[in-house]
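Following the numbering used here, the numbering of the sequence shown begins with 32 at its first residue and continues without gaps. To start, the structure under review is shown below, and the notes come after it.
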Amino acid sequence: MPSTTAAGSAIAISTGTPASFDAAGFAALAYTEIGGIDKIGVIGPTFGKVEFQPLKGPKDKLKGAPDYGTLTPSMAYDEADAGQAVLRVAAEDETQRLYPVRVTYPNGSIRYARARVFAATENVDGAESVLMTNASIEICTKPVKVSASGTPAPAFTTPPSISPSSGAVGTTFTASNGAASNSTALTRRWLLNGSSIGTGATVTPNAAGTLVLEVTATGPGGSTVANSASVTVGSTSTKFTRTAAAAATSNPETAPLATGATQEMNTTTDSTLSQKIAGSALLPIITATGGSPYLRTANNGVYFPSGAYAGSSSNGNLGTAAPSYATDAASWGYEVEIYTNAPRIEFAQNAGVTTHGARVQVDGRYVDKAGKFYPSGSASFTVVDFAGVSAWRRIKLEGEFNTCLFSINVAPGFEVQKVAAPADRVLVAGFGNSLLEGVQSMPTGQTIGAIIQQAGFFKTAARLAGWTDARQAGVGGTDFFRVGTNGRLPIMHQIPRFLVVNPDIAGADVDLVVFSTETNDISVWLGSGGWTVTSPDGNTTFTSSTAQDTATYQALVAYTLGRIRATFPNAIIMVPGVWPQNLGITSGIIAMENAIKAAVAQLGDAKAIFVPVSTSTSPWLTDANKATYLGQDNLHPTPLGHAELLGGKVNAAYRAIIAGQQPA
């Protein structure tokens, strides 16, 4: 139909009731045209918008109830006009009666509906104006359309529908177009979150959201659009989403403490726990995470080296020695889990070269979240006691630093069994600096005491996010180019060592790689520049002689990420930006973070994700929160800085990534 003006349009009203609410039923009524009209108003549905903002994912916008329009005809007041007389009667009707109305377009098309007349007020203006009547007619039923030829517009007798009624990303949904009278053709369109994604009989969404089937019925009397009931398309169910969902419901960080249990710290063994599982007998019955257990023949202890160092069968954890493949096997966090019915269980560990702590979980809940601590050089016997009550329980020991496990001791007659492997395993490798190790500093004015390294952000994020096995390879004092004390080498040298000390896994087994926030390179970056780093194979060298050498730094980070991808071909790679220490978010900090972001983009790897820190829409460490989250050394986070800030932010970024979103 060609475009037309409104000139010639008319509105009429009836006092009758249609026998049926279709074109024939409305047309059979007697209508009285309202005279003197200069405008009519709005006809047709407008849907309310219903919004929902989930904690994860984009804002969802749904159609609410329809409003079929408001006719606001204005007319020159005429007491003799029969239509205006009916209009005034309808306006003064104090019941909820619906009056049929008919609007006729200049081309002969008709719109029928039932409405309530809320007003027919008389407007008296100035001497040079016409006395007017202004009506308000609220349409309360879906308008029935009749074409200029007299043929009604199509009307759906069976609405469109979608099957199945729910599904996840990757599910194939099938359309049922429904049925419409007065229709010669039905065309469909699939809408996901309001955007068209296809027109076929089936569709397979590649993103989560709200799916609707829109069908247009076309016939001689025009066209009518109808939508199906909406279907929710969930995120793809993977081991990442399943373990994250389980952790959101229950994890030791947020769960209440275990009841009926106490943790003891002893420096001598309990002689009543004479059934000892020691040395090589430990390996078949423990489920170890955080490192690959190996037996040191020199003292029959089971060790869990971090990936930054390589242990051997003849050397233990020499935590004060310079790192080398031969001697240093220090672990910054390992876990040993068993299943036992014993009412008292003792974990015998070695004497550490520094103050070290231990924590215990019972069925996924901490006994004492603060942990118990042993002074340097003391033997360590961690006991969990249930006051004589025997029951089958999962017991997990969290150990750290340069400790090993000598034996698990229970009283005679009780059993210790291996915990069954979980159905979903998320294996994570962490690389970076002392922040990844969990090194903490107390807030200004507080005494630095013993601190559980297991409470560092990497291990905290693991518990919050549901990572099954988080193994760290961080080396204090290092970063992408920075060399730490005693010649500790930067991140690219940590990569090949990871698999050396984790012989129970292959690189392809690693599901996620997490970098620490960059921080140790800052002093050189902001200073006079001048750094050189050579790859482990000696074939690639990066050298800079100037401060804020963006190009060289970007190339170094991209190279390091390339080594990560080559070593861990299947992993998601999370690359956070810069931890600004006490320096504030300066232009130099932002330039460094942008160089890291550019390096991730340069890699061109869809599974390598940059996580903004100082350039985040909500920067992680600011002047407003650093009193709480930055320690008195002006470098390391406080315990809350690790647990709440870094741990929480990394967990949130990870959850955004597995939901298909870019962390902001």
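For every residue, glycine included, the Cβ atom is placed at its ideal position computed from N, Cα and C. Remember, predicted model here, so these are calculated numbers, not experimental data.
Can residue 419 be considered in contact with the ligand HEM, in the sense that its beta carbon sits closer than 6 Å to one or more heavy atoms? What this structure holds is no ligand at all, so the ligand HEM is not there to describe.
Closest residue to residue 283 among 493, 108, 80 (Cα-Cα distance): By 1-based counting over the sequence shown, the position of residue 283 is 252. Here the closest residue by C-alpha is 493.
Taking residue 561 as the reference, which of 567, 637, 577, 569 has the closest Cα? Within the sequence shown, numbered from 1, the residue matching residue 561 stands at position 530. Comparing Cα positions, the closest option is 577.
Rounded to a whole number of angstroms, what is the C-alpha to C-alpha distance between residue 518 and residue 321? As a working note, residue 518 is residue 487 in the sequence shown. As a working note, residue 321 is residue 290 in the sequence shown. Each residue's Cα considered, the two are about 25 Å apart.
Please list the segments of the beta strand (DSSP E) lying wholly inside the region 42-126, counting only runs of 3 or more residues, in order along the chain. 68-72, 77-83, 91-98, 101-107
By Cβ distance, which residues of its chain are closer than 8 Å to residue 583, with the 5 residues on each side in sequence left out? On the sequence shown, residue 583 is found 552 positions in, with the first residue counted as 1. Excluding sequence neighbours, residue 583 sits near 573, 574, 575.
Which residues in the same chain have their Cβ closer than 8 Å to the Cβ of residue 331, if we skip the five residues on either side of it in sequence? On the sequence shown, position 300 is the one that residue 331 refers to. Result list for residue 331: 309, 310, 311, 437, in chain order.
On the CB-based measure, 16 or more other CB atoms within 10 Å of its CB, does residue 657 come out buried or exposed? Walking along the sequence shown from the start, residue 657 turns up at place 626. It is buried - the Cβ of residue 657 has at least 16 other Cβ atoms within 10 Å.
Where does the unbroken alpha helix (DSSP H) through residue 157 begin, and where does it stop? Position 126 of the sequence shown, counted from the first residue, corresponds to residue 157. First-last for residue 157: undefined, no H or E at that position.
Pair every Cβ in the region 234-251 with every Cβ in the region 406-423, then say whether three or more of these pairs are closer than 8 Å. no
Per-residue DSSP class, three states only, for residue 529: Locating residue 529 in the sequence shown gives position 498, where the first residue counts as 1. If DSSP states are grouped into helix, strand and coil, residue 529 belongs with the helices.
Specify the secondary structure class of residue 440 as computed by DSSP and reduced to three states. Counting from one through the sequence shown, the residue named residue 440 turns up at place 409. Reduced to three states, the DSSP call for residue 440 is strand.
Going by DSSP, what residue range makes up the alpha helix (DSSP H) through residue 279? Translated into positions along the sequence shown, residue 279 becomes position 248. From DSSP, the alpha helix (DSSP H) with residue 279 extends over 270-280.
CA-to-CA distance, residue 611 to residue 508, given in whole angstroms: Position 477 of the sequence shown, counted from the start, is the residue given in the question as residue 508. Position 580 of the sequence shown, counted from the start, is the residue given in the question as residue 611. Taking the straight line from one Cα to the other gives about 15 Å.
Please classify residue 428: does DSSP put it in a helix, a strand, or coil? In the sequence shown, residue 428 corresponds to position 397, counting from 1. Reduced to three states, the DSSP call for residue 428 is strand.
Look at the alpha carbon of residue 685 and the alpha carbon of residue 406, and state the distance between them as a whole number of angstroms. For the purposes of this step, residue 685 is taken as residue 654 along the sequence shown, with counting starting at 1. For the purposes of this step, residue 406 is taken as residue 375 along the sequence shown, with counting starting at 1. Their Cα atoms are separated by approximately 36 Å.
Going along the chain, which residues of its own chain have a beta-carbon closer than 7 Å to the beta-carbon of residue 214, five neighbours each way excluded? Residue 214 sits at position 183 when you count from the first residue of the sequence shown. Result list for residue 214: 185, 248, 249, 250, in chain order.
Using CA coordinates, which residue listed in 640, 662, 415 is at the minimum distance from residue 391? For the purposes of this step, residue 391 is identified with residue 360 of the sequence shown, where counting begins at 1. For residue 391, the nearest C-alpha among the options comes from 415.
Kindly indicate which three-state DSSP category residue 540 falls into: helix, strand or coil? Taking the first residue of the sequence shown as position 1, residue 540 is located at position 509. If DSSP states are grouped into helix, strand and coil, residue 540 belongs with the helices.
Helix, strand or coil: how does DSSP classify residue 607 here? Residue numbering aside, residue 607 sits at position 576 when the sequence shown is read from its first letter. Strand at residue 607.
Under a three-way DSSP split, which group does residue 445 fall into? As a working note, residue 445 is residue 414 in the sequence shown. Here residue 445 sits in coil by DSSP.
Would residue 465 pass as a contact of residue 298 if the rule is Cβ separation under 7 Å? Position 434 of the sequence shown holds residue 465. Position 267 of the sequence shown holds residue 298. Not closer than 7 Å, so no.
Going along the chain, which unbroken runs of the alpha helix (DSSP H) with 4 or more residues stay wholly within the region 444-528? 465-468, 488-496
Can you list, in chain order, the residues of its chain with a C-beta nearer than 8 Å to that of residue 709? Leave out the 5 residues immediately preceding and following it. Lying outside 32 to 695, the shown extent of the chain, residue 709 is not represented and no answer is given.
Just grab the DSSP bridge partners of residue 172 for me. Your numbering for residue 172 matches position 141 in the sequence shown. The partner list for residue 172 (beta bridge, DSSP) is empty, contrary to what the question assumes.
By Cβ distance below 8 Å, which residues in the same chain neighbour residue 291 in space, the five residues on each side in sequence not counted? For the purposes of this step, residue 291 is taken as residue 260 along the sequence shown, with counting starting at 1. Contacts found: 417, 418, 420.
Exposed or buried, which one is residue 294 when buried takes at least 16 other CB atoms within 10 Å? For the purposes of this step, residue 294 is taken as residue 263 along the sequence shown, with counting starting at 1. By the neighbour-count rule (16 or more Cβ atoms within 10 Å), residue 294 is buried.
CA-CA distance, residue 472 and residue 226? Numbered from 1 along the sequence shown, position 441 holds the residue referred to as residue 472. Numbered from 1 along the sequence shown, position 195 holds the residue referred to as residue 226. Taking the straight line from one Cα to the other gives about 50 Å.
Contact between the region 483-493 and the region 517-537: three or more CB pairs below 8 Å? no
Does the separation of the CB atoms of residue 42 and residue 118 fall below 7 Å? In the sequence shown, counting from the first residue as 1, residue 42 sits at position 11. In the sequence shown, counting from the first residue as 1, residue 118 sits at position 87. Cβ atoms of residue 42 and residue 118: not closer than 7 Å.
Could you check whether residue 400 and residue 389 sit closer than 7 Å to each other, using their CB atoms as the reference points? Position 358 of the sequence shown holds residue 389. Position 369 of the sequence shown holds residue 400. No; because the gap between Cβ atoms is not below 7 Å, this pair is not in contact.
Just checking my contact of residue 696 with residue 459 at CB under 8 Å: how many whole Å lie between their CB atoms? Nothing can be reported for residue 696: it is not among the residues displayed for the chain, which extend from 32 to 695.
Residue 682 by DSSP, collapsed to three states: which one? Reading the sequence shown from its first residue, position 651 is the one you call residue 682. Three-state result, residue 682: helix.
If we count Cβ pairs, one from each stretch, closer than 8 Å, do we get three or more for the region 585-599 versus the region 624-644? yes
Can you give me the C-alpha to C-alpha distance between residue 139 and residue 132, rounded to a whole angstrom? Against the sequence shown, residue 139 aligns to sequence position 108. Against the sequence shown, residue 132 aligns to sequence position 101. Spanning the two alpha carbons is a distance of roughly 15 Å.
Determine the direct distance from the alpha carbon of residue 434 to that of residue 349, and round the result to whole angstroms. Locating residue 349 in the sequence shown gives position 318, where the first residue counts as 1. Locating residue 434 in the sequence shown gives position 403, where the first residue counts as 1. Because residue 349 sits at a pLDDT of 29, beneath the cut-off of 50, its placement in the model cannot be relied upon, and the following sentence gives the value as read from the coordinates. Each residue's Cα considered, the two are about 10 Å apart.
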